[in-house]
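Undergrad: I have a structure here, written as structure tokens, and I will follow up with some questions on it.
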Amino acid sequence: MKKIVLGMVLSFATLSASEIKIAVAANVSYAIEPLKKAFHMLYPKTNIEVILGSSGKLTAQIKNGAPYELFMSANMKYPEVLYEEKIAVTKPIVYAQGVLAYLSVKPQDFTQGMRLLTEDKIQKIAIANPKTAPYGVAAVEALKNAKVYDTVKEKFVYGESISQTVTYATTAADIGLIAKSSLFSPPMAKFKEGIHWSNVDETLYTPINQGMVILKKAEGNPEVKNFYDFMLSPKAQKILKNFGYKVE
Amino acid sequence: MQEILNVISLDFAPFILSFKLAAVTTVILFILSLPLAWYLSQSNSRTKPFLEAVTALPIVLPPSVLGFYILVVLSPNSAVGAFFEDLFGVKLVFSFTGLVVASCFYSLPFMVQPLQSGFESLNKHMLEASYLAGKSKLQTVVKVALPNIKPSLITALIITFAHTVGEFGVVLMVGGSIPGETKVASVAIYEMVEVMEYGTAHIYSAFMVLISFIVLLSVYIFNHSQRKIGVL
Amino acid sequence: MIQIEIHKKLHGAHGDMDLDVNLEIQKGEFIALMGESGSGKTTLLRVLAGLENAEGDIAVEDVLWLGNRKMLPPQQREIGFIFQDYALFENMNVEENLLFVNDDKALAQRLLQMTELRRLSHRNVKGLSGGQKQRVSLCRAMMKQPKLLLMDEPLSALDPAMRSKLQDEILKLHKTFGTTTIMVSHDADASYYLSDRILVLDHGKIIADGRPQEIFVKTSKEIYTLSR
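Just so you know, the protein sequences line up as chains H, S and B, in that order.
For the first sequence, the numbering used here begins at 1 and goes up steadily by one.
For the second sequence, the numbering used here begins at 1 and goes up steadily by one.
For the third sequence, the numbering used here begins at 1 and goes up steadily by one.
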């Protein structure tokens, strides 16, 4: 009887050891599947459980004891806060640089850049909520630097996360400022560069340095470090590049 | 920018918005539901179970599903949304009007079912006596049926109101969280929790609970007093 | 004069049957409609009131209430109806119940006076006794000064003392207003006392039609059973 119980406990322990829980900012949700696949080829025995959300929400959850072992944020600020509070055990490191893009279901003339947003036919502009999503912060920054923020702020609709912003941009809003990475997932293939989407002028916003940290809860789980190292490896960086991120 | 956001987050617009939305929805939904509830209560047709099931759907549907479909079907990029915008100049998403429409779907069964139930419990002979007195169906509903189902009527109104105040998932999908227009209290509080402004979240939440409790309490006291007089 | 020629299939507790009624009623007649439960009495009343449909014709002083595939709705028939369960408007007081039918305060007060309900004019009907409710029901029905007064077992829910009192009031009103009346009843005494004509319905068909004395004398045994 004792042996059976012990056996069960051990196998249960091994089961949980070959699973890692990673909290991933919404903008990475599009690239996460290819990333998982590539990681699996190297470590077939490890299961990855992905929790998606806006960086702000995930940070709040982590602070309140959520069982995540790794956090890939959309900025550096949230991981830095976690590191200061010793909830993150590694110093935040940049795993990718996010890029902001315009997206509209109707063809637009993107050559005018931000001026386009001031036109009458653009009635609703979807941006991520700057309080919870770093891409929203970048969007507001870009709008202000382009000197159109005050003119168009009445038109904003706020997505709770960058992924909700994409939903808005592809359904009811006239245009959205979104994470470029979303454009490379299969359902978005129908949107063409220069017609439906375009890069936002990079000089208008501070580079979106996306930081990654290993969390305290990863203690005793060596697989987490494997994924961490993988994300910084050339293989992962290539995938990220394919999704529109800027990499080292 | 942070300062601007702080100031915005301290005002009471979300509450006023929540209660305004609940009030407008309750009134409109009452007018729309009355004929449906009456019809269902008086009908024995084969389509009745089908209609009842459809009416009850919003109870079971996850709010996010409801919100998603409303977003897609009523958006200006869709046929329905474009029609409304072109003809009436009315935006059905990202606007207060859109929230009212969404809330009407969301709270429909909470208005219809108590009314229908109340009507079904009425003495049919009493209604017939009204017809025989020369009153039309509408006059009968307004002057005889409704006054005799006061408890059900109050239940319907209150529950619809409360349900709409507490609405979250649908509003989140369809509203766009626009301050002063679609950022209702439930969304505002959610946002505060997300950014860990717990102090403000506490204040807002306590306020919501207090106001809602006072509203409900007044209604139940009114109900009770009516019963004592023997009016109900 | 009222001419009735109707046909309706009924699905009752005693099986299916055909309601087949063909009769003429003179103005001012007081008819007692008798018969076993399930014989179609209430249905006949409801068809006359327009609360149920049937095939055939109903003509009231040359106005077609039913016929030519048209059915005049109850709202437009000049009918007073007294239900067995009174069916008063419970959200109103006694006077309001009457005024709801016809906004004639003088007539209302007169009727209430005749039925000794005047002092209860402003009492909500929910608090009244059975006998009082039935009297209100009677007044309410008369407010329309109807061409036809239909009563569905108006006395059966009342105790003997009340029954007697109400019979008197029904008679008083009939003598005063001369309204053509059809009263469904199980009560042989009341039928004999109030009516000048008795119809007996059996399985949807009229099997006897005549003056009270004739009916009782001819078929006393059957009537005795029916009135139980």
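Every residue gets a Cβ at the ideal spot worked out from N, C-alpha and C, and that includes glycine.
Remember, it's a predicted structure, so these values are computed and weren't measured experimentally.
For residue 2(B), decide whether its Cβ has a neighbour in chain S, counting only Cβ atoms nearer than 8 Å.
TA: no
Undergrad: Check for me: the alpha helix (DSSP H) holding residue 42(S) runs from which residue to which?
TA: 13-42
Undergrad: Please tell me whether residue 144(S) has its Cβ less than 8 Å away from any Cβ of chain B.
TA: Yes, residue 144(S) counts as interfacial toward chain B.
Undergrad: Take the Cβ of residue 149(S) as the centre, count every other Cβ of all protein chains shown within 10 Å, and call the residue buried at 16 or more, exposed below.
TA: A residue is called buried when at least 16 other Cβ atoms come within 10 angstroms of its Cβ; residue 149(S) meets this threshold and is buried.
Undergrad: Between residue 90(S) and residue 197(S), what straight-line distance do the alpha-carbon atoms span, to the nearest angstrom?
TA: 35 Å
Undergrad: Compile a chain-ordered list of the residues in the segment 101-121 of chain B whose CB is closer than 9 Å to at least one CB of chain S.
TA: Listed by position, the residues of the segment 101-121 of chain B near chain S (Cβ gap below 9 Å) are 101 and 102.
Undergrad: How big is the Cα-Cα spacing for residue 200(H) and residue 68(H)?
TA: 33 Å
Undergrad: Which chain S residues sit within Cβ distance under 7 Å of residue 56(H)?
TA: 194 and 195
Undergrad: Is the beta carbon of residue 73(H) less than 8 Å from the beta carbon of residue 161(H)?
TA: no
Undergrad: State the Cα-Cα distance for the pair residue 144(B) and residue 211(B), rounded to the nearest angstrom.
TA: 28 Å
Undergrad: If we define contact as Cβ-Cβ less than 8 Å, is residue 176(S) a contact residue for chain H?
TA: Yes, its Cβ sits closer than 8 Å to a Cβ of chain H.
Undergrad: For residue 210(H), which residues does DSSP report across the bridge?
TA: 96(H)
Undergrad: Could you give the uninterrupted runs of the beta strand (DSSP E) lying entirely in the segment 132-173 of chain S, keeping only those of 3 residues or more?
TA: none
Undergrad: So within the segment 68-97 of chain S, which uninterrupted alpha helix (DSSP H) runs reach at least 4 residues, ignoring any that extend past its ends?
TA: 79-88
Undergrad: Kindly indicate the opening and closing residues of the beta strand (DSSP E) around residue 11(B).
TA: 2-12
Undergrad: In or out: residue 220(S) buried (at least 16 other Cβ within 10 Å) or exposed?
TA: exposed
Undergrad: From residue 205(S) to residue 199(S), what does the alpha carbon distance come to, in whole angstroms?
TA: 10 Å
Undergrad: Within 10 angstroms of the Cβ of residue 241(H), are there 16 or more other Cβ atoms? Answer buried if so, exposed if not.
TA: exposed
Undergrad: Of all the alpha helix (DSSP H) runs that stay within the bounds of the segment 77-126 of chain H, which reach a length of 4 or more residues?
TA: 77-84
Undergrad: Can you give me the Cβ contacts of residue 201(S) inside the same chain, cut-off strictly under 8 Å, excluding the 5 residues immediately before and after it?
TA: 189, 192 and 193
Undergrad: Find out if the Cβ-Cβ distance for the pair residue 57(B), residue 24(B) is shorter than 8 Å.
TA: no
Undergrad: Answer yes if the segment 103-116 of chain B comes into contact with the segment 79-92 of chain B, meaning at least three C-beta pairs across the two stretches below 8 Å, and no otherwise.
TA: no
Undergrad: Pop quiz: residue 150(H) and residue 104(H) are said to be a contact at Cβ under 8 Å. What is the actual Cβ separation, rounded to whole angstroms?
TA: In fact, because the Cβ distance is near 22 Å, the residues do not count as touching under 8 Å.
Undergrad: DSSP state of residue 172(H), grouped into three classes?
TA: coil
Undergrad: Going by beta carbon distance, what residues of the same chain come within less than 7 Å of residue 29(H), once the five residues before and after it are set aside?
TA: Excluding sequence neighbours, residue 29(H) sits near 52 and 163.
Undergrad: Report buried or exposed for residue 45(H), applying the criterion of at least 16 other Cβ atoms within 10 angstroms of its Cβ.
TA: exposed
Undergrad: Could you name the residues of the segment 119-146 of chain S whose beta carbon sits closer than 8 Å to any beta carbon of chain B, in the order they occur along the chain?
TA: Against chain B - using a Cβ distance shorter than 8 Å - the residues of the segment 119-146 of chain S are 123, 125, 126, 128, 129, 130, 131, 132, 133, 134, 135, 136, 143 and 144.
Undergrad: Here's the rule: buried if 16 or more other CB atoms are within 10 angstroms of the residue's CB, otherwise exposed. What is residue 180(B)?
TA: buried
Undergrad: Determine the closest residue to residue 39(S) out of 100(S), 171(S), 68(S) and 52(S), with distance taken between C-alpha atoms.
TA: 52(S)
Undergrad: Start and end of the beta strand (DSSP E) containing residue 56(B)?
TA: 55-60
Undergrad: Name the residue from 214(S), 34(S), 167(S) and 228(S) whose alpha carbon lies nearest to the alpha carbon of residue 107(S).
TA: Nearest of 214(S), 34(S), 167(S) and 228(S) to residue 107(S), Cα basis: 167(S).
Undergrad: Grouping DSSP H, G and I as helix and E and B as strand, with all else coil, what is residue 201(H)?
TA: coil
Undergrad: Given this structure, state the Cα-to-Cα distance separating residue 193(B) from residue 184(B), to the nearest angstrom.
TA: 14 Å
Undergrad: Count Cβ pairs between the segment 82-91 of chain H and the segment 106-118 of chain H that sit closer than 8 Å; are there 3 or more?
TA: no
Undergrad: Give the straight-line distance between the Cα atoms of residue 13(B) and residue 128(S), rounded to the nearest whole angstrom.
TA: 23 Å
Undergrad: Identify the contact partners of residue 148(S) in chain B, using a Cβ-Cβ distance below 9 Å as the criterion.
TA: 89, 90 and 91
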